[in-house]
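What follows is one structure encoded as structure tokens, with my remarks underneath.
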Amino acid sequence: MTSQVSSPAEQADGAGGAVVGGQRAPESPGGKEVRRLDRVIIRFAGDSGDGMQLTGDRFTSETASFGNDLSTLPNFPAEIRAPAGTLPGVSSFQLHFADHDILTPGDAPNVLVAMNPAALKANIADLPRGAEIIINTDEFTKRPMAKVGYATSPLEDGSLDAYNLHPVPLTTLTVEALKDFGLSRKEAERSKNMFALGLLSWMYHRPTEGTENFLRQKFAKKPEIAEANVVAFRAGWNFGETTEDFAVSYEVAPATRAFPTGTYRNISGNLALAYGLVAASQQADLPLYLGSYPITPASDILHELSKHKNFGVRTFQAEDEIAGIGAALGAAFGGALGVTTTSGPGVALKSEAIGLAVSLELPLLIVDIQRGGPSTGLPTKTEQADLLQAMYGRNGEAPVPIVAPRTPADCFDAALDAARIALTYRTPVFLLSDGYLANGSEPWRIPEVADLPDLKVKFATGANHTLADGTEVFWPYKRDPETLARPWAIPGTPGLEHRIGGIEKQDGTGNISYDPANHDLMVRTRQAKVDGIQVPDVDVDDPDGATTLVLGWGSTYGPITAAVRRLRSAGLPVAQAHLRHINPFPRNLGEVLERYEKVVVPEMNLGQLATLIRAKYLVDAQSYNQVNGMPFKAEQLATVLKEAIDD
């Protein structure tokens, strides 16, 4: 969650080791010890075909229904079926859940479930000493171990002595549990992830009914497969309850939050963004039209919006990126809330049409779910390197507002905010999310409809200008004196015929114009319109009067805030500010920056926001950058910020 208020327990957000409560809980009915923890970080890892994302998602859903605060980090290869048993083919899912407010998926797992040698080798370096490792021993044979460079078995050579090792023949136990189903061994083995999920569900006292219902619904057309998965899931639970290998289970109580009461659900960034777009269209009383070409990690938005035709949503899976934005821009011309979704490579292809949208001055949302680049780069990894592309990646002077959500749940509000700007100011708007937010999840309070903003617009209905001879005419580029927005005239409205196209328009009339003075006026007016967009002032969290400010944007919010909490708990003063609006910047940002001796800007790029800050405010902003496809760790940022404070 995103509360700025933290208790002593919350200061440890993102740390590696779980914090054990001061009292030990009573033993379970089966005679096993039950320990209370305030938080746990679990990572499921295996081949991309082992179902680790499904396993993690189901554990997350049950954890959310139990009432814990949580944050997740899915991590998977770009290939649909990566090479089995290899390091590049490892897929993992990390979940951090707690009885208090947390902000990140955690720096290091307390528990690793490794389905094969590759999963162990790819993840062992992230584990702190004393962490628990549950290993599928059936896969630790000579050939799979040699494939990833194990000369000797890590189960026997002492290399895992620093950890609490639980060797479990997951495959064998799963096949044995399903022997009465008449399945082939290969078919039965596919349920080993459900066995592992059942074991972890027992280990951490997770609810089970939701997962069983999910499995029966997912395999409704194959009831025997559904029941086999349910049986494997139950077998994993029963194994934990009866085996002597697991003498302890753990309880993590539901979170006690200082948040408004209401209905909460677990939500990913892409799902929240899709819901935000639907809500925006409803609040604007406009049909929503999505023109999109599938691309990782943005495709989920297309998939989700295609389910909501009952809300007037129309989705068009185009043959390429250019067709996708062209259709969305055409829908905007026709009076719809036009949206196109993509990632960085798609933005490059859409750039000419974005410039056309700037010239036409029509509302359009360009959703960029950023990923590692350049070119195809790292399709399933995260990065923040499209900021300057969104800011300047078009020919000519073509300013576009930029909005960036900070957490998965915040994607809902950011979508509404981006729609507000586009509709009010008649301009395309960039919505910059990234793979970390898109695939990660956290609890989200479902808002009341009455609390959503009113986004209704007024279309042009008739003449809006009187000529010198008294004739009343319609001028398509006559501007609102406050917003500088031009009228939105629906095609087919009598008397409102006007030209469209990318050639420069004459101020007011909209006629084609090559006049130098007119072009200068139109360029400056379009820039003034963006500069004049009303955005909230940036809030500064500075309870101790610090001299160092850490400034972030987008998905760095969680790691930065967790790092700031650590420093403050250690008695070090540090201020924090986070930007949602990057073009235009909040009006008070310059005054805020002047208050601090040092400004540190952590980014998952090579310093793009820092470059903008330096250029506009002449502030010696210090960059701290990472471009490894993974989000920052809280401990990593805390160390950097401490050095900045001590310098």
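Residue 47 is where the sequence shown starts when you use the numbering used here, and the numbers rise one by one after that.
In this text, a Cβ means the ideal position worked out from N, Cα and C, and glycines have one as well.
Keep in mind that this is a model prediction, so the values were computed, not measured.
Nearest to G286 by C-alpha distance, out of Q263, F505, L243, G308, is L243. Residue pairing from DSSP places Q668 in a beta bridge opposite V646. Taking the Cα positions, L319 is about 51 angstroms away from D515.
The DSSP-derived three-state label of E528 is coil. Per the C-alpha coordinates, the member of I87, L100, A128, S137 positioned closest to L116 is I87. If you draw a straight line from the Cα of S107 to the Cα of S487, it comes to about 10 angstroms. H146 and E350 have their C-alpha atoms spaced approximately 31 angstroms apart. T539 and R466 have their C-alpha atoms spaced approximately 24 angstroms apart.
A buried status is given to N114, since no fewer than 16 other beta-carbon atoms sit within 10 Å of its beta-carbon.
Here I536 is exposed, its C-beta having fewer than 16 other C-beta atoms within 10 Å. The C-beta distance from F476 to I412 rounds to 5 angstroms, short enough to fall under 8 angstroms. Per DSSP, W599 is one residue of the beta strand (DSSP E) stretching across 594 to 599. Here the alpha carbon of V645 sits roughly 17 angstroms from the alpha carbon of Q672.
Beta-bridge partners assigned by DSSP to W490: R311.
Selection F186, L119, R127 evaluated against P155 yields L119 as nearest (Cα-Cα).
According to the DSSP assignment, I368 belongs to the alpha helix (DSSP H) that extends over 367 to 379. Excluding five sequence positions before and after G600, the CB atoms of its chain that fall closer than 6 angstroms to its own CB belong to Q430, A450, given in chain order. Per DSSP, reduced to three states, the secondary structure at L201 is coil, with no helix or strand assignment. Annotation for S327: L334, L383 place their beta carbon closer than 6 angstroms to its own, counting only its chain and skipping 5 residues before and after. For the pair N510 and P474, the CB atoms are not nearer than the 8 angstroms cut-off. Distance between G591 and E689, taken at the CA atoms: about 18 angstroms. In this structure, A621 lies near D588, with their beta-carbon atoms less than 8 angstroms apart. The continuous stretches of beta strand (DSSP E) do not include E290, and DSSP gives it neither H nor E. In the DSSP secondary-structure assignment, G95 is not bridged to any residue. According to the DSSP assignment, P306 belongs to no beta strand (DSSP E), since it is labelled neither H nor E. The Cβ-Cβ distance between G419 and G675 does not fall below 8 angstroms.
The straight-line gap separating the alpha-carbon atoms of S405 and G547 is approximately 8 angstroms.
In this chain, the beta strand (DSSP E) harbouring T388 covers 383 to 388. For the pair G439 and A403, the Cα-to-Cα distance works out to about 14 angstroms. Put simply, the backbone Cα of S230 is about 13 angstroms away from that of E270.
For V159, the closest C-alpha among the options I347, T470, F90 is that of F90. The bridge partners DSSP lists for V673 come to none.
Per DSSP, N510 lies in no beta strand (DSSP E) and is assigned neither H nor E.
Selection K267, L410, Q416, C457 evaluated against T470 yields L410 as nearest (Cα-Cα). V665 is not a Cβ neighbour of L683, given a cutoff of 8 angstroms. Annotation: C457 to E273 spans about 37 angstroms, alpha carbon to alpha carbon.
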